[in-house]
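0 is the number of the first residue of the sequence shown in numbering that gives the first Met the number 0; add one for each residue after it.
Glycine included, C-beta positions come from ideal geometry on N, C-alpha and C.
Just so it is clear, the structure is predicted and the values come from calculations on it, not from any experiment.
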Amino acid sequence: MCYLIKFAPSVLVSVLCFGLIIGHSCHDMHVGLLTAGPCWMFSDVKANITGETDDFFWSSRLLIGQTIASLFLVLYIVIISIGFVHRNHLIWQRSPLTNKWWIFISIGLLISHALLCLIEISLYVRSTQIATQFIASIPVYVWCLGFLWPLLLLSINTFTKRHEIKVYGRQQRRARLEFGTKLGMNSPF
């Protein structure tokens, strides 16, 4: 249950950011506003004034949205991993920065995933101008949600870890008590 509390909200926030980006893309392309129906990205590809289809723009925006959501998810997993550095100590009792391997792996993971995202966008989006215009047009509330969520996530994980430490201590006391009984003393374990 504790792992669900630690990981599920971050996955939901990543999916929400992706949905907000796609919703912004639909609003930006004026799909769903002029028609009475919802925005289906690949259901009705129309030719524009130049004769090209809007399929390229949709797929570019979809890829950029997925890339941004995956970048947020990797950031959240690194933030969650802070709680696993020292199992029986809270963050303020023992700093995760004392573990050099964790720092090295976390920074390496964030940098390598950011590079992978940049390579993916540069390979599959024809024009960098389209990518930069779309990323610049993403609403501020999506960026705020994505980058401010780790602050709340850190507090959620701290409270969850505090509960885990209490449960672990209670289990250890119970195990000592059971071992101290007559049956427990004669146990081969």
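Nearest by alpha-carbon distance to residue i: which of the options is it?
i, options, result
"S59", "E119, W148, H112 and Y140", "E119"
"L201", "S13, G168, V166 and V73", "There is simply no residue 201 to check, as the chain begins at 0 and stops at 188 in what is shown."
"T159", "S111, I90, R172 and I102", "I90"
"A68", "C1, H112, I79 and P95", "H112"
"S13", "Q65, H26, C1 and C25", "Q65"
So is the beta-carbon of residue i under 8 Å away from any non-hydrogen atom of the ligand COA?
i, result
"W142", "Looking for the ligand COA in the displayed structure turns up nothing, as the structure carries no ligands at all."
Output yes or no for whether 9 Å exceeds the beta carbon distance between residue i and residue j.
i, j, result
"L62", "V124", "yes"
"L152", "S9", "yes"
Taking the alpha-carbon positions, what's the residue i to residue j distance?
i, j, result
"L3", "W148", "17 Å"
"I76", "F6", "8 Å"
"Q92", "F146", "25 Å"
"A130", "F103", "30 Å"
"V141", "A135", "12 Å"
"T52", "G107", "Confidence at T52 is low in this model, with a pLDDT of 49, below 50, so its placement is unreliable and the value that follows should be read with caution. Rounded to whole angstroms, T52 to G107 spans 39 Å at the Cα level."
"R169", "H88", "15 Å"
"I164", "L144", "30 Å"
Would a check of beta-carbon distances place residue i closer than 9 Å to chain C?
i, result
"E163", "In the displayed structure, chain C is absent; only one protein chain is listed."
task = Say whether the segment 10-22 touches the segment 83-92, bearing in mind that this needs 3 or more beta-carbon pairs closer than 8 Å, one atom from each stretch.
result = no
key: Runs of alpha helix (DSSP H) lying entirely within the segment 112-165, each at least 4 residues, in chain order   = 127-136
message = Threshold first: 4 residues or longer. Then list the alpha helix (DSSP H) segments lying entirely within the segment 49-88, N to C.
response = 54-80
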